[in-house]
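Which chain is which? The protein sequence lines are P and V, in order.
To get the numbering used here, take the position in the first sequence, counting from 1, and add 80.
To get the numbering used here, take the position in the second sequence, counting from 1, and add 431.
Notes follow once the structure below has been shown.
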Amino acid sequence: MAAIIRALPLTCIRYPKYKSAAIKTASNALQFQRLESTSQQIPKLEEFDKPQFPGSQSRWTEKLEFVRGDIYDGIPVYRVMNRDGNIIDPSHDPKLSQEMITKLYKGMTLLNTMDRILYESQRQGRISFYMTSFGEEGTHFGSAAALDPQDMIYGQYREAGVLMYRGYTLDQFVNQCYGNKNDIARGRQMPVHYGIKSLNFVSISSPLATQMPQAVGSAYALKRSQTGLCVICYFGEGASSEGDAHAALNFAATLNCPIIFFCRNNGYAISTPTHEQYKGDGIAARGPAYGIPSIRVDGNDILAVYNVTKAARQLVVDESKPVLIEAMTYRIGHHSTSDDSSAYRSVDEVRFWHQKDHPISRLRKYMENLGWWDENKEKAWKEETKKQVMQTVVKAEKLKRAPIDEMLKDVYDEMPPHLKEQLEAIKAHIEQYHEHYPVDNYEKN
Amino acid sequence: MALRHLRLAPIFKKLTRLENSDLLKSKNQYKLLCRLSHFTYVPDTVSASDGETTRMNLFQSVTNALDIALAADPSAVIFGEDVAFGGVFRCTVGLQDKYGRDRVFNSPLCEQGIVGFGIGMAVAGATAIAEIQFADYIYPAFDQIINEAAKYRFRSGNEFNCGGLTIRAPYGAVGHGALYHSQSPEAFFAHVPGIKIVIPRGPLQAKGLLLSCIRDKNPCIFFEPKILYRMAVEQVPLKDYELPLSKAEILTEGDDVTVIGWGTEVHVLREVCQLAQDKLNVSCELIDLMTILPWDKETVINSVKKTGRLLIAHEAPLTGGFGAEIAATVQNECFLNLEAPIERVTGHDAPFSHVFEPFYIPSKWRCFDAIKKLINF
Numbered sequence: 081m082a083a084i085i086r087a088l089p090l091t092c093i094r095y096p097k098y099k100s101a102a103i104k105t106a107s108n109a110l111q112f113q114r115l116e117s118t119s120q121q122i123p124k125l126e127e128f129d130k131p132q133f134p135g136s137q138s139r140w141t142e143k144l145e146f147v148r149g150d151i152y153d154g155i156p157v158y159r160v161m162n163r164d165g166n167i168i169d170p171s172h173d174p175k176l177s178q179e180m181i182t183k184l185y186k187g188m189t190l191l192n193t194m195d196r197i198l199y200e201s202q203r204q205g206r207i208s209f210y211m212t213s214f215g216e217e218g219t220h221f222g223s224a225a226a227l228d229p230q231d232m233i234y235g236q237y238r239e240a241g242v243l244m245y246r247g248y249t250l251d252q253f254v255n256q257c258y259g260n261k262n263d264i265a266r267g268r269q270m271p272v273h274y275g276i277k278s279l280n281f282v283s284i285s286s287p288l289a290t291q292m293p294q295a296v297g298s299a300y301a302l303k304r305s306q307t308g309l310c311v312i313c314y315f316g317e318g319a320s321s322e323g324d325a326h327a328a329l330n331f332a333a334t335l336n337c338p339i340i341f342f343c344r345n346n347g348y349a350i351s352t353p354t355h356e357q358y359k360g361d362g363i364a365a366r367g368p369a370y371g372i373p374s375i376r377v378d379g380n381d382i383l384a385v386y387n388v389t390k391a392a393r394q395l396v397v398d399e400s401k402p403v404l405i406e407a408m409t410y411r412i413g414h415h416s417t418s419d420d421s422s423a424y425r426s427v428d429e430v431r432f433w434h435q436k437d438h439p440i441s442r443l444r445k446y447m448e449n450l451g452w453w454d455e456n457k458e459k460a461w462k463e464e465t466k467k468q469v470m471q472t473v474v475k476a477e478k479l480k481r482a483p484i485d486e487m488l489k490d491v492y493d494e495m496p497p498h499l500k501e502q503l504e505a506i507k508a509h510i511e512q513y514h515e516h517y518p519v520d521n522y523e524k525n
Numbered sequence: 432m433a434l435r436h437l438r439l440a441p442i443f444k445k446l447t448r449l450e451n452s453d454l455l456k457s458k459n460q461y462k463l464l465c466r467l468s469h470f471t472y473v474p475d476t477v478s479a480s481d482g483e484t485t486r487m488n489l490f491q492s493v494t495n496a497l498d499i500a501l502a503a504d505p506s507a508v509i510f511g512e513d514v515a516f517g518g519v520f521r522c523t524v525g526l527q528d529k530y531g532r533d534r535v536f537n538s539p540l541c542e543q544g545i546v547g548f549g550i551g552m553a554v555a556g557a558t559a560i561a562e563i564q565f566a567d568y569i570y571p572a573f574d575q576i577i578n579e580a581a582k583y584r585f586r587s588g589n590e591f592n593c594g595g596l597t598i599r600a601p602y603g604a605v606g607h608g609a610l611y612h613s614q615s616p617e618a619f620f621a622h623v624p625g626i627k628i629v630i631p632r633g634p635l636q637a638k639g640l641l642l643s644c645i646r647d648k649n650p651c652i653f654f655e656p657k658i659l660y661r662m663a664v665e666q667v668p669l670k671d672y673e674l675p676l677s678k679a680e681i682l683t684e685g686d687d688v689t690v691i692g693w694g695t696e697v698h699v700l701r702e703v704c705q706l707a708q709d710k711l712n713v714s715c716e717l718i719d720l721m722t723i724l725p726w727d728k729e730t731v732i733n734s735v736k737k738t739g740r741l742l743i744a745h746e747a748p749l750t751g752g753f754g755a756e757i758a759a760t761v762q763n764e765c766f767l768n769l770e771a772p773i774e775r776v777t778g779h780d781a782p783f784s785h786v787f788e789p790f791y792i793p794s795k796w797r798c799f800d801a802i803k804k805l806i807n808f
């Protein structure tokens with residue numbers, strides 16, 4: 081495992097065969113390692129026949145040949161079990177306990193139930209916005225399970241399962257979506273922008289990819305504090321096109337930061353298919369160009385995601401360098417409640433992934449093969465999750481919103497005089513014009 | 432960013448050699464050098480209670496502040512483009528040798544990465560001191576500053592913050608910096624709740640204010656007037672001291688006109704006040720605003736209530752400049768006290784050009800003329 085991730089030297093890009101050639105040329109590639117000293121070493125006389133440019137380490141060629149990005153087989157997709165839940169190579173079975181597998185399965189299905197109910201809540205106008213994780217539950221739970229609970233997490237917005245695995249409660253999810261007074265962020269952000277310090281899950285923000293260089297900075301700080309912890313940073317394949325993604329990969333490599341970049345490649349960025357997003361071999365192929373060990377994994381195979389993340393974690397912590405994981409998956413749901421994906425893709429395409437290659441059904445087959453799950457358990461669990469989520473929603477709906485003071489708090493650590501003035505002004509105004517504002521929905525001070 | 436080879440380091444290196452040569456040791460020779468600029472730097476004085484002092488120019492006082500910050504806080508790091516060898520303006524000289532390569536290091540050439548990285552360090556609880564090589568090149572990091580740094584604490588319900596982040600950037604006109612080595616972008620940032628913006632007028636203030644920014648629990652942008660890096664020299668206390676943010680300073684008291692500026696412009700205005708006294712017998716009250724956001728309304732309002740007239744000067748363009756914010760606030764708070772329309776003398780609403788700089792900047796004669804208008808209204 082680790083060996084596969086470890087060394088995909090830059091030289092590989094030139095050759096049609098990525099797979100075994102990569103490993104064979106790994107030792108060969110060592111001689112091309114760039115010097116990390118600040119000044120260039122003056123070469124010995126006999127070495128003068130090699131290029132001496134400080135910007136790269138390679139050899140001369142007299143052939144005029146462009147390096148083509150379109151001539152090699154793509155980086156292969158690592159998997160552990162097939163679509164029937166059968167382990168393909170037993171040596172790669174992580175042999176997770178029944179308890180652990182059940183926890184993962186229950187988590188994925190609970191997230192699925194919560195998604196269905198909150199999606200409906202939005203359709204009924206009870207919450208303003210929602211984004212489901214349909215089809216990507218495997219990437220969330222598989223990766224989360226392979227981390228240390230203290231590792232810092234930076235997400236994009238479609239990683240609710242990671243947070244759920246960490247212990248974020250249904251109440252916390254639903255309160256955030258309803259923006260009620262129990263929401264940790266006081267109702268300031270749109271729904272699904274979760275975040276909580278105690279679980280080391282940094283608050284989500286809408287601007288795409290901004291979390292990526294930030295995650296690198298946090299990884300650098302963790303490295304300096306010598307805690308043995310790392311950072312994982314999730315992002316979609318669309319976000320990978322942002323300048324901040326480039327910044328993050330390059331900074332992480334040059335500054336040797338212990339960070340796992342986890343890309344969810346689900347085929348679409350809202351309506352934009354990947355062939356309009358990039359021309360290269362997906363996201364994983366960019367890693368080696370930055371000097372980052374990279375791997376591609378079947379995102380619908382939770383065991384494969386677990387293995388890859390676990391090995392990546394080992395690598396980044398041991399060697400203090402970044403790793404890039406590209407999890408191939410499919411966005412089964414609409415982009416968000418503001419999107420109707422049938423406007424740009426076929427129902428048949430979605431049905432294929434929903435019915436033939438779904439992370440939840442695959443893990444269920446794996447469990448059934450082992451006799452750990454059956455129809456009765458499935459039915460009972462489904463009932464229970466539905467009841468749990470419904471009760472949580474009913475409770476959250478009854479709660480008022482936070483006091484309006486919260487609108488102007490936490491802008492700075494302490495409220496500066498001009499904000500105090502504005503707060504007094506709005507209070508005086510509302511007192512006079514209260515009948516024109518929804519004051520009853522907000523908690524009194 | 433583009434055209435880095437045009438940056439000013441070589442010119443300043445030449446100046447250092449001049450400055451350090453025997454030729455320039457005498458006061459007159461130094462004045463000769465300064466005559467090339469549009470203002471005269473008058474050193475501030477320290478009180479005996481400030482303890483031991485030493486002669487420093489502005490870049491040395493910045494280095495001194497950074498040195499103190501790193502010594503006092505083991506989590507503090509400094510990074511940016513070319514900071515490792517000492518920085519293109521010499522602000523980080525010797526710090527890597529003293530504190531190690533993991534605390535003072537070069538980043539790749541990417542401003543959005545520098546600020547994003549700094550935010551992440553601060554979120555993890557460390558103190559991050561990021562350098563943007565010129566304020567003109569801060570815009571690639573605009574998104575990280577405005578959408579991220581400024582909103583971190585608010586949007587997370589105070590679960591997370593990046594209060595440990597300080598962004599330093601050389602700032603303002605320099606004589607020949609043209610479009611991309613002269614800009615004063617403070618007004619862009621003044622429109623953003625959640626950050627602090629600070630601009631010192633000399634070495635004494637630079638050290639105290641920078642230490643305050645580094646230790647403040649909010650993300651701060653610290654703009655260093657680069658024309659003062661070598662030109663502004665004065666005695667600076669060696670001790671660790673902080674100057675309060677959001678506090679303006681009244682430099683000279685007066686009764687007829689309130690005059691406000693920040694950074695280099697304070698020195699222009701100091702001369703203007705003297706001119707007004709000498710030629711017009713007008714008594715000006717000179718205020719250095721120092722913190723642009725959140726700014727010290729109280730000091731400014733109290734002064735205008737006394738004088739009844741206000742001149743605001745800044746190098747940045749007029750339209751949407753921070754002078755507009757001050758003028759609107761003063762108009763609202765001091766309506767009954769104002770005896771003339773508020774005057775703003777600023778850069779023009781054009782890009783900052785190369786050979787026309789003497790006509791572009793809010794020179795002392797343009798400011799002097801504005802005072803005449805204020806008095807004669």
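Glycine included, each C-beta is placed from N, C-alpha and C at the ideal position.
*asked:* With the cut-off set at 7 Å, would you say Arg534 (chain V) and Val508 (chain V) are in Cβ contact?
replied: Here residue 534 (chain V) refers to the residue found at position 103 when the second sequence is read from its first residue. Here residue 508 (chain V) refers to the residue found at position 77 when the second sequence is read from its first residue. For Arg534 (chain V) and Val508 (chain V), yes; Cβs fall inside 7 Å.
_On the criterion of 16 or more Cβ atoms from any shown chain inside 10 Å, does Glu486 (chain P) qualify as buried, or is it exposed?_
For the purposes of this step, residue 486 (chain P) is taken as residue 406 along the first sequence, with counting starting at 1. Counting Cβ neighbours within 10 Å, Glu486 (chain P) comes out buried, since at least 16 surround it.
_For a cutoff of 7 Å on Cβ pairs, would you count Asp453 (chain V) as touching chain P?_
Position 22 of the second sequence, counting from 1, holds the residue named residue 453 (chain V). Here the model assigns Asp453 (chain V) a pLDDT of 48, short of 50, so the residue's position is not dependable and the matter cannot be decided.
_Span of the alpha helix (DSSP H), counted from its first residue to its last, around Phe790 (chain V)_ = By 1-based counting over the second sequence, the position of residue 790 (chain V) is 359. Taken as a continuous stretch (DSSP letters only), the alpha helix (DSSP H) holding Phe790 (chain V) covers 788-791.
_Option in P:Thr352, P:Pro439, P:Ser400 with minimal Cα separation from Leu383 (chain P)_ = The residue labelled residue 383 (chain P) in the question sits at position 303 within the first sequence. Of the candidates P:Thr352, P:Pro439, P:Ser400, the one whose C-alpha sits nearest the C-alpha of Leu383 (chain P) is P:Pro439.
*Neighbour-count burial assignment, Ala333 (chain P), 16 or more Cβ in a 10 Å radius*: In the first sequence, counting from the first residue as 1, residue 333 (chain P) sits at position 253. The residue in question, Ala333 (chain P), is buried, as its Cβ has 16 or more Cβ neighbours within 10 Å.
*Proximity to Gly165 (chain P) [Cα-Cα], best of P:Ala364, P:Gln357, P:Asn449*: Taking the first residue of the first sequence as position 1, residue 165 (chain P) is located at position 85. It is P:Asn449.
*Beta-carbon of Val491 (chain P) versus every beta-carbon of chain V: anything under 7 Å?*
Your numbering for residue 491 (chain P) matches position 411 in the first sequence. Val491 (chain P) counts as touching chain V.
*asked:* Which residue marks the beginning of the beta strand (DSSP E) containing Met487 (chain V), and which one marks its end?
replied: Within the second sequence, the letter at position 56 stands for residue 487 (chain V). Where Met487 (chain V) is concerned, the enclosing beta strand (DSSP E) stretches over 484-488.
*Is the shortest distance between the beta-carbon of Lys648 (chain V) and the beta-carbons of chain P less than 7 Å?*
Here residue 648 (chain V) refers to the residue found at position 217 when the second sequence is read from its first residue. With 7 Å as the cut-off, Lys648 (chain V) counts as an interface residue toward chain P.
*Can you name the start and end residues of the beta strand (DSSP E) that Glu716 (chain V) belongs to?*
What you label residue 716 (chain V) is simply residue 285 of the second sequence in a count that begins at 1. Here the beta strand (DSSP E) through Glu716 (chain V) covers 715-719.
_8 Å contact criterion, which Asn260 (chain P) and Arg481 (chain P) should meet: CB distance rounded_ = Residue mapping note: residue 260 (chain P) aligns to position 180 of the first sequence, counting from 1. Residue mapping note: residue 481 (chain P) aligns to position 401 of the first sequence, counting from 1. Sure, about 6 Å apart at Cβ, within 8 Å.
*Asp378 (chain P) by DSSP, collapsed to three states: which one?*
Against the first sequence, residue 378 (chain P) aligns to sequence position 298. It is a strand residue.
*Can you list the alpha helix (DSSP H) stretches of 4 or more residues lying completely in the region 147-222 of chain P, in chain order?*
178-203
*Evaluate the contact criterion for the region 637-653 of chain V versus the region 764-783 of chain V: three or more CB pairs, one atom per stretch, below 8 Å.*
no
*Report all residues from its chain with a CB closer than 6 Å to the CB of Tyr199 (chain P); omit the five preceding and five following residues, and keep chain order.*
For the purposes of this step, residue 199 (chain P) is taken as residue 119 along the first sequence, with counting starting at 1. Cβ within range, chain order: Tyr210, Thr212.
*With 16 other CB atoms within 10 Å as the buried threshold, where does Ala580 (chain V) fall?*
Position 149 of the second sequence, counted from the start, is the residue given in the question as residue 580 (chain V). Classification for Ala580 (chain V): buried.
_Would Thr334 (chain P) pass as an interface residue toward chain V - the criterion being a Cβ-Cβ separation below 7 Å?_
Within the first sequence, residue 334 (chain P) is the residue found at index 254, counting from 1. It does; some Cβ of chain V falls within 7 Å.
*Using a threshold of 7 Å, state whether the C-beta atoms of Ala240 (chain P) and Ala289 (chain P) are closer than that.*
Locating residue 240 (chain P) in the first sequence gives position 160, where the first residue counts as 1. Locating residue 289 (chain P) in the first sequence gives position 209, where the first residue counts as 1. No, Cβ-Cβ distance for Ala240 (chain P) and Ala289 (chain P) is not below 7 Å.
*Is the CB of Lys277 (chain P) under 7 Å away from at least one CB in chain V?*
The sequence position of residue 277 (chain P) within the first sequence is 197, counting from 1. Chain V contact via Cβ: present.
*What is the C-beta distance between His745 (chain V) and Ser615 (chain V), in whole angstroms, given that I count them as a contact (C-beta under 8 Å)?*
Here residue 745 (chain V) refers to the residue found at position 314 of the second sequence. Here residue 615 (chain V) refers to the residue found at position 184 of the second sequence. Confirmed, Cβ separation roughly 7 Å.
_If you measure between the beta carbons of Ile723 (chain V) and Ala566 (chain V), is that distance less than 7 Å?_
The count along the second sequence starts at 1 and reaches residue 723 (chain V) at position 292. The count along the second sequence starts at 1 and reaches residue 566 (chain V) at position 135. Going by C-beta atoms, Ile723 (chain V) is not nearer than 7 Å to Ala566 (chain V).
*asked:* For a cutoff of 7 Å on Cβ pairs, would you count Gln543 (chain V) as touching chain P?
replied: Taking the second sequence and counting its residues from 1, one reaches residue 543 (chain V) at position 112. Yes, contact with chain P.
*Is Met244 (chain P) closer than 7 Å to Gly187 (chain P) when the C-beta atoms are compared?*
The residue you call residue 187 (chain P) lines up with position 107 of the first sequence. The residue you call residue 244 (chain P) lines up with position 164 of the first sequence. Yes, these two residues count as a Cβ contact at 7 Å.
*For Ser400 (chain P), which residues from the same chain have a beta carbon less than 8 Å from its beta carbon, with the 5 sequence-adjacent residues on both sides left out?*
Here the question's residue 400 (chain P) lines up with position 320 in the first sequence. Contacts found: Lys303, Asn336, Cys337, Pro338.
*Does the beta-carbon distance from Phe548 (chain V) to Phe133 (chain P) come in below 7 Å?*
For the purposes of this step, residue 548 (chain V) is taken as residue 117 along the second sequence, with counting starting at 1. For the purposes of this step, residue 133 (chain P) is taken as residue 53 along the first sequence, with counting starting at 1. Result no, Cβ atoms of Phe548 (chain V) and Phe133 (chain P) do not sit closer than 7 Å.
*asked:* Helix, strand or coil, according to DSSP, for His415 (chain P) in the structure here?
replied: What you label residue 415 (chain P) is simply residue 335 of the first sequence in a count that begins at 1. His415 (chain P): coil per DSSP, three-state reduction.
*Listed by chain order, chain P residues near Ile550 (chain V) by CB distance under 7 Å*: Taking the first residue of the second sequence as 1, we reach residue 550 (chain V) at position 119. What Ile550 (chain V) touches in chain P: Gln294, Gly297.
*Assigned secondary structure, Asn589 (chain V) (DSSP; H/G/I helix, E/B strand, else coil)*: Taking the second sequence and counting its residues from 1, one reaches residue 589 (chain V) at position 158. Of the three classes helix, strand and coil, the one that applies to Asn589 (chain V) here is coil, per DSSP.
*Can at least three beta-carbon pairs, one atom from the region 224-240 of chain P and one from the region 446-460 of chain P, be found at a separation below 8 Å?*
no
*Between P:Pro131, P:Ser283, P:Gly149, P:Tyr152, which lies nearest to Glu142 (chain P) when the distance is taken from Cα to Cα?*
As a working note, residue 142 (chain P) is residue 62 in the first sequence. Residue P:Pro131 is the option with its Cα nearest to Glu142 (chain P).
*asked:* Which residue wins for smallest C-alpha separation from Thr182 (chain P), given the options P:Gly247, P:Met495, P:Glu458, P:Ile350?
replied: As a position in the first sequence, residue 182 (chain P) is number 102, starting the count at 1. Considering only alpha carbons, the answer is P:Glu458.
*Find out if the Cβ-Cβ distance for the pair Lys736 (chain V), Asn768 (chain V) is shorter than 7 Å.*
Taking the first residue of the second sequence as 1, we reach residue 736 (chain V) at position 305. Taking the first residue of the second sequence as 1, we reach residue 768 (chain V) at position 337. Taking 7 Å as the Cβ cut-off, Lys736 (chain V) and Asn768 (chain V) qualify as a contacting pair.
_Below-7 Å beta-carbon distance, Thr290 (chain P) vs any chain V residue_ = As a first step, residue 290 (chain P) must be located in the first sequence, where it is residue number 210. True, the Cβ-Cβ gap to chain V drops below 7 Å.
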